[in-house]
Structures are given as structure tokens and as C-alpha cells.
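Structure record follows, encoded as C-alpha cells.
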Amino acid sequence: MLSKLVCKRVLNHGLRLTTRAASASTQQVVVNRKPEVKYQKLFINNEFVDSLSGASFDVINPATGGVIAQVADGSEKDVDRAVKAAKNAFRLGSEWRRMDPADRGALLYKLADLIERDRAYIAALETYNNGKPFKDSYNIDIPHCIAVLRYYAGWPDKINGKVLPVGGDFFSYTRREPVGVVGQIIPWNFPMILLCWKIGPSVVTGCTTVVKLDEHTPLTGLYTAKLIQEAGFPPGVINILAGDGPNCGGSIVKHPDVQKIAFTGSTHVGKIIGAEAAKLVKRTTLELGGKSPNIVFADCDLDNAVEMSHFALFFNQGQCCCGQCCCAGSRTFVEEKIYDEFVQRSIERTKRRKIGDPYDESTEQGPQISQEQMDKILDLIDSGKKSGAKLVAGGRREGDKGFFVQPTLFADVKDDHQIAREEIFGPVMQILKFKSIDEVIERANDTEYGLAASIFTKDLDKAIVVSNGIRAGSVWVNTYDNFDPAAPFGGFKQSGLGREKSEFSLDSYTETKCVTIKISERNS
Amino acid sequence: MTSFISKAPHMEIKYTQIFINNEWHKAGNGKTFPVINPSTGEEICRVEGGTKSDIDKAVEAARNAFRVDSAWRKLEPSARGTLMRKFAELLRRDIAYLAQLETLNNGKTLINSKIDIMGSAACIDYYAGWADKFTGETIPSTPDTFIYTRHEPVGICGQIIPWNYPILMLALKLGPALACGNVVILKPAEETPLTALYCASLIKEAGFPPGVVNIVPGDGPECGHAIVVHEGIDKISFTGSVEVGKKVQENAAKSNLKRVTLELGGKSPLIICEDADVDFAVYVAHEAIFHNAAQNCIAGSRTFVHSKIYPEFIAKSVALAKKRIVGDPFDPNTQQGPQINSQQFKKILNYIELGKNAGARLECGGQKAYDKGYFIQPAVFSDVKDDMIIAREEIFGPVMCVLKFDSYDEVIERANATNFGLVAGVITKDLTRALKFVQELQAGSVWVNTYAAMKFQAPFGGFKQSGQGRELGKYGLEPYYEVKTVVMKLLSKI
């Protein structure tokens, strides 16, 4: 079955999984199409509480457009309450500050175990709220969360400082201390994954956090809050709010007791947050948008290149800083020699892409997240049609219920077309032609973004030269969307600041203190 | 002479054979050796005695498990960590049985056996966390090259451990070796093979592929030696005496230059300054020497006390030593069990005689306790001089040696006047003095206002003849990987 083939390719290439999870098939899992929504309140100090204003907001199922829950709407006063709880949990002498580092790790291992226990339910809830195919939630998103938490869990007692080779009669060393109360704002495209990418480094470095879930997709985050309580985290260490960007998110960014902000979202909002955070010199990390180049050379394995390029764009309904995905391979540069063949095969593949009910085993593509996103995508498709690019597949809304957009493919795209410059965040693939290496590197870099890139070639030299030349935080060769927890991820230029996952994520959650003690006589 | 009555439960000993390739084997030459209960001197059971032919078999299994494309070589780093954490979980699951077995075979108190097992599990967990975190490097170079380092497993690691902490030593050795992806042939001490063999069953239960961990019980001269000289073994890690350690290094070099790390003995100084709280110092010094029936490479076996507090220190140490309860390690009130065997027992009693003959003052203890087993009453010698044998040689028995000092410069020199250099302790409140001691004491670990502060996160090992290389911490990984430097030239840039 094609979907199984894609799944297998995906599992082998992207989003590294444990060997056990990779062999799971959703056919053995009882799929819950209408999972019960259990937690709809704000999670502060290990308790579920209403918003202080009493307000709540609707949560939509994007496959139907219908309301599936009402969730407490957090705003400024709730943020204040959460920050107080986080600050209290961080005070000198608190249980959290006194805890053995290895025990912080043990809590994360416990949380990972609980997520694994409830994998089927959480995956169903993620699909219910976000629209991503259940087989992706179950086989990719949730196992990745578990792997990330288990990766981070090993770090707390390994974050070493240094003893320094100073001159004079001094003994100098560094301590890597937690930065303090952190505010973490996450988007709607990978609700569970991004929650885990955020709480991981906060916990291992000993910080306390106030997380704001996206108002489109709060359900799995609030369920995870319950697991956090069950795992035994002390109250106030992880607080989870739901609310909008400007009021709730804005309050977190502005709060004087929040030392650091981590934001994943659009470049546009990222700039606003960066500017606001700068007023209080807050440490800031940003994971923003992308228009990532996917470069296909004539000497590639063409089958692999076509399939991976398709996946690179369309995964997660195109909603990936990579599909609905920040790092979506949304500019596919194909070498002249194989251009026609590549376009032809891509058309076939795109037309075969199965869009529909996210709970259906054969579905590859679910709905976009919202009416607003769908409208934006359709607008950009229009601009593509008007620009002179060749529409060769899709191009319209699918059906009239839910927010489905047909898998869409444009060939003969030019660098200055709007669809080649702006992040679409939808299932719209652009194919451009190139002749030479130097030319394609320059064109690939001709963007204010710099999140990811990929190269398809068999040639060793090309792989290294092009990887060296592209200004992007992640460069994938003959693969895409590899998100191993041990590998850093983040953007060059306006795609962001700082890195997530891996050892490199720890720097932004620690503050280095240098201690220098006078001694009677220094000897080497 | 008090009669010794054992409270040891009747125990079923399940595993007495050689563990290779996840299977149990009899010895190639058909011989077994007795395993003794040091509380009674009686035989517990017999265990298959591995020799060269068994080591050859183990090497073949290990080599097969390590070949390129094997299950172990292809396993994701994080999955190695998962297997290790499973092993740790099983250690905790079976702690009741394992602790009893450890106490039956080694004689340490049941309480301490449990502490050792919890520590072993924590050590394995610590190293499990490293499996997917230690990195190679990319190195800045000219634009026409790409340079990076790979940290590859060394290969087949021989590990020889002693009898004083059977399970803990096994964990300390397996942890870094497995985290780095190596395969192992481990020889437990001849005196204490039983818990190692039980751990082998847990390794299999945890799901490690066959041949990754092989455990071969046997003696030093035939079994241990076969490991040390084997041309197919890539690395040896040995914990034991200096005397044997020197032979290990020599033979490792002569055979195939296998990489060597050694954890050897000590005659570690504990320096108690005039500003120390005497009660606190007495307590620390007491534990520093007497813990584990003083069978510790890190034993604080030269207690230097400032003359100003010397008389008070002696009086209180003697009182504390007299109160130490020596007896059946299964009794929850017991603080000190027997020495490991009759050889050690005789050696210690002999040292006590030498101490008396040299003119040191035996303040208390020093005699045999009970009519069975190898129990010795904790001894305290005062007025010990640096040149006495009891102040120079490692006794490995419950004999506290107290020496007096006046000046701090002098005591540092005296503390360093030894071929050993494993650990040192200092008790003082003065910041500058503490940092001076830290800087000038020639020891791999220096402990301030504490003792035996072994943490898995921090490296441990000896200066001088106390050893070579470090165990524990991130440093503990270094002996277990081999660095490969890769340089790729870019043809298009020439």
C-alpha cells in the first residue's frame, strides 16, 4: 500500500524513532475517532483552574469545522498567577532547586513512560484537534515526543561547567545555572512535539516554566499537564496555559519575572516578541518560518528524490516550518537535465496523494488548521496562477466541510514569484529549474529565511560543497525532516535565533556564572 | 571466644556456570572451584572455573557480536541506553535476592549490599544517558577539506574486577563500556563470582544481543592472565592490587599493546586540621577507614591529626571503634562483617603484630572475633610514625593509623610521601587552607569536609602508582572510545 510505503520511507528517513515504535502499525490500534476531552482548564501549580475572568474559547475540529470543546481562556491575570507559581518553585531552597539533578531526569523518564502508556489516546486527541492523519500522530508525533523526553532525561547530571586556566593566584570555575522562570509559546502545527521540545530543556537545566499552548490546539497539551502532575513534578515547575497570542502570549513576554522567552511561530510575530523582550533584556530564542530550498541534482537517486521532495513539502499538510511545517522544502530546485522527468513524476505523485478523513488508514493529508489559514493558502495559490507559473496539479479547496486544500503543484516557478518568496504553510509545492551549482547555491540563499535545506545527489563533493554553501541551520542530504533528538535544529537569518534539541539547546536555558576565589599561591 | 551463629537465609544459587553468548557453559577443562562464605569459612557452592579455552570462546562470541552489521553495531545509540536502563531496572527489581547473595558471598552487611545495588543501578542509568550524547567534532580547516572525528567503540574490552564491591564494580565497568558501544568479557573475582553471574542473567533478560556481555568466572593466574595476554582483546580495565596491576600493564603491552586502565590500591591520607569539629572529624575518620571492613582502595588509612586536637581525637576514636558492632552481616545491627578470606585475615593480623613491634600504641581491638569466619575487632593505633610498615603498606583491614602533625606544609609533604595517590581528605573550615590542600595533595580525588564522596558524575582514579586513567563521569568514557580522524578532500576545490 502506498501509504505504508510512504510511512516506511518516512520512518526510515525522517523523525528518527526507536526501533520498537517504527514497526508499529495503526491497524492493531483501536482508533478512537471521538476521543473524550478530559482537561479544559489552565494548569497552574499542579492544579487545573478556571481562568480568573471566567472566559473560555471554542476549540475546532478542522476536519469538520465543528466545535469540540471549550477551554479556559488565559489572559494577563492568569499569566501573573502562573508566573508567581513558577517563581515560587524556583526560589532558593525550594524542592526543585534542591533536587538531585539525576532526579530531575527521572521525572522526565516517568513523563515519557506515561505518554507511551497513553499513546493511542493522545494520538487520537492530537488528530481530533489538529487534523493531522492519525497514523502520523500515532507513528511519528507521539513516538518522537517520547524519544525527545528520554533523550533530555539523561542530561541533568551531565551539564558541566569548567575550571579555567587563569593567571594570578586564583581558582576560577564556571557554574551553569538555570536561567530562571521561562516563558514558552508554542504553535498549532506540532502541538505535542513542540511542547516536549520546550519542557525538555527547561526541566533538565532546572528552570521553571509557563507554557502557552496555541489557541487552536490546546487539548493534548492540557492532557499532558495531567501526566506531568501524575509523574510527580513539584507544583509550579511546569505550568500550562491556553490563550491567545496578543493578550496571553503578550503578557508572558512582558512579565518582569520571566527571565527568558522561547517562541515558535511566524517570523512576523517573532520580530514583535523579540522587540518586546529586548525592553527587559530577556534572553530570547525563536524558531520562525522558512522557505527552505530542496536541491535535486541530475545524479540523484530519482525515485528517492521525488518521494522525499514530495514528503518534504506535503508532510503535515504542508504545515511544517518544513508542509504545515516551518522547514517545508517549499522551493524545489531541479537540475535542468532531469527537470521534465522530475516534474512528470511529481505530478503523478501529487495526484495520488490521498486527502480526506484523518482517521482513515489510507489518508496521507488531512485538513489545514483553520479557515484563516485555508483562505491564506488559496490566496497564494491564486497569486501563483496569476504570476505565470504552471499549475499542474490541484489548486482548489477540497470539499465544503472542514479546511481541506487539494495537494497543489506549480512547475516553472521563478524566483521572484510570490509563491517562491513567501511562506505558504500549505500543501503547495513549487518546482524551479537550475543549471549550475554556484547558481543554485546563490538562488537558494536569496531569501531572508534560513531554516533548512536539502540536497539530493550521489556525488560526495557536491554534497559537501553545497552543504557548506547554503545558509541554513539544518541541511539534509538524500533525506528530509530528520529530527533526531541529538541533532540541533534552528534557523540562520530571520528563521530564528538559537537551537532546539541536542546539547546545543541547553545553552539558552542556562546562565553561566564565573566564580573566582583568591588563593595563597597558584601552581599549575 | 564468642560462638558465631549465622542468620543467613537458605539461598538457592541459580547460576554457577560461565556466561558466553547469552548462554551458560561448563568450563572447557571441566574444573570447578569452591566459593566460600567468609562469615563461616564454609563452602557455599562450586562454580565453573574459566581458563584460556573459555576466554577464547568468549572472544569469539564478542567478536561476532561486534562485527560490522551486527545487531549491536547497528543499534541506535539511544536504544543502547534503553537496554542499559532496563538492566538497571532489573537490578532494582531483584534487589532483595541480590543483596542477600552479595552478603552471603562477600560478608558486607545486608544494608550495605542494598546501598551498593542501588548505587549500581544509578551508575548504569547515568551511563545509559550518555549513549546518545557523547560527540565527535568537526574541525575548522581550509575550504578544500572537510575534517571531523568519529568516536568509535574500542572493541572487545576485558574487564577484571575485585571482590570488595562485586556488584558495584561490575556496574562501574559495564556502564562506560556499553554506553560507547563496546563488547565485554568480564572476569569477576575468584572469591566473589555469584552476584556477577546472577547479573549475567539480568543482562540477558534486559535484551542485550548475545555476545555483547560475557562473564567468565575464574582465577587470576589462568583466567585473568588469559584475558590480559589475548591478542584478540582490544582493551583491558583492571581493578586490584598494584602488584598485579603492574603485571597487567606489562603483559598488555607485550601481547598486542591493548589499551590499559588501572584502578589500584592506596594508602590515602585524611588530614584533620586544628579548626575541625572534633566529633565530626572522628566520625568521618572512623567511616573512612572502617567502612566495608576496611576493604576499600579509598580507605583513609593514614589519619593525620593536628597536635592541638590529637588527645581528644584519639580518645573519641577509640571509644567509637570499641562500639563498632562486628558480627553476622545479615543482622541489621551489625556494622562490620568478616574479612573476605583466610589469606587476607592472616595478613591483617600480621600487620597488627608488625605495628605493635614497631612501637605504635595499639589503643584497642586488633584481635580475632568469633570462633568461625574471618572477623577482626577494629584496631586503633596511635603514635604511628611515617616510616612504620603499617603507615606505608596497604593493609586492607580494620586498622586505623593515627599520626600527629604540627605544620600544614609538613603534613602535605608527608601525605604525598608515598607511591600511592588515589584519594585524600581534608577537614578544615578555612577556605584558603582547603584550596591549598586541594592544589598540593597528589591524589586523583581530594575530599574536603567529607570522605568517600564517590559520585558517578565525577571522575575517579589514581595519581602515581594508584592507577592510570579515570573511571566515572564523562572522563570515564574516554578509555572506551577510539578517535578516528576523517579528512575529505574536495576535488572540485583543487
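As you go down the protein sequences, you meet chains A and B in turn.
Take the first sequence: its letter number 220 is residue 220 in UniProt numbering, and every next letter is one higher.
Take the second sequence: its letter number 165 is residue 165 in UniProt numbering, and every next letter is one higher.
We put the beta carbon where it would ideally sit given N, CA and C, even for glycine.
Here the structure is a predicted model, which is why all the values come from computation and not from measurement.
Listed along chain B are G129 and K133, each with a C-beta nearer than 8 angstroms to that of A/W155. The segment 64-77 of chain A makes no contact with the segment 98-115 of chain A, as fewer than three CB pairs between them are under 8 angstroms.
Here DSSP, grouped into helix, strand and coil, assigns A/Q317 to helix. Of the candidates A/G270, A/S467, A/G206 and A/F297, the residue whose Cα lies closest to the Cα of A/G290 is A/G270.
8 angstroms or more divides the Cβ of B/A415 from the Cβ of B/V399.
Among the residues of the segment 79-112 of chain B, those with a Cβ less than 9 angstroms away from any Cβ of chain A are A79, G81, T82 and R85, in the order of the chain. Rounded to the nearest whole angstrom, the CA to CA distance from A/F190 to A/R119 is 15 angstroms. Cβ-Cβ distances below 6 angstroms link B/A131 to P77, R80, G81 and A179 in the same chain, with the five nearest sequence neighbours on each side left out; the list follows chain order. Neighbours of B/S141 in chain A, taken as residues whose beta carbon is under 7 angstroms from its own, are absent, since the nearest beta carbon is some 11 angstroms off. Neighbours of B/Q442 across chain A, judged by C-beta separation under 9 angstroms, do not exist; the nearest C-beta is about 12 angstroms away. Of all residues in the segment 465-493 of chain B, those with a C-beta nearer than 8 angstroms to a C-beta of chain A are K474, M488, L490, L491, S492 and K493, reading in chain order. Here B/T428 has C273, D275, A276 and A434 as same chain residues with Cβ atoms under 7 angstroms from its own Cβ, once five neighbours each way along the sequence are excluded. Where B/E205 is concerned, the enclosing alpha helix (DSSP H) starts and stops at L194 to A206. Unbroken alpha helix (DSSP H) stretches of 4 residues or longer found wholly inside the segment 317-393 of chain B: 342-358 and 389-392, given in chain order. At a cut-off of 8 angstroms between C-beta atoms, B/Q159 does not count as an interface residue with respect to chain A.
Between the segment 496-509 of chain A and the segment 167-175 of chain A, the count of C-beta pairs closer than 8 angstroms stays below three; the two stretches do not touch. For A/G105, a Cβ of chain B is located within less than 8 angstroms of the residue's own Cβ. Pairing B/C364 with B/K247, the inter-Cα distance amounts to about 37 angstroms. Judged by DSSP secondary structure, A/I377 falls outside any beta strand (DSSP E) and instead within the alpha helix (DSSP H) spanning Q371 to S387. The Cβ atoms of A/S137 and A/A123 lie closer than 8 angstroms to each other. The alpha-carbon of A/P407 is positioned some 5 angstroms away from that of A/G394.
Shown here, B/R150 sits in a strand according to DSSP, grouped into three states.
Take B/P338, set aside five residues on each side of it, and the residues of its chain with a beta-carbon closer than 6 angstroms to its own are P38, S39, G107, G373, Y374 and F375, in chain order. In this structure, the alpha-carbon of A/V29 lies about 29 angstroms from that of B/P209. In the pairwise beta carbon analysis, the segment 294-302 of chain A is classified as touching the segment 445-460 of chain A: at least three pairs are separated by under 8 angstroms. Taken through DSSP and simplified to helix, strand or coil, A/R175 comes out as strand. A contact between stretches requires three or more CB pairs, one per stretch, nearer than 8 angstroms, and the segment 325-344 of chain B meets this requirement with the segment 284-294 of chain B. Listed in chain order, the non-local C-beta contacts of B/V282 below 7 angstroms within the same chain comprise F313, K316, S317 and L320, local neighbours out to five positions each way being set aside.
For A/K84, no chain B residue has a C-beta closer than 8 angstroms to its own C-beta; the minimum C-beta separation is roughly 33 angstroms.
A/Q70 carries a strand assignment under DSSP once its states are collapsed to helix, strand and coil. Taking a cut-off of 8 angstroms on C-beta distances, the segment 273-288 of chain A touches the segment 248-264 of chain A, as three or more cross pairs fall below it.
About 4 angstroms separates the Cβ atoms of B/A200 and B/F19, confirming a contact at the 8 angstroms cut-off. A/V466 and A/Q319 have their C-alpha atoms spaced approximately 26 angstroms apart. Taking C-alpha positions only, A/S520 is separated from B/T432 by approximately 7 angstroms.
In the DSSP assignment, B/W24 is bridged to B/F19.
Chain-order list of chain A residues neighbouring B/A122: A102, by C-beta distance under 9 angstroms.
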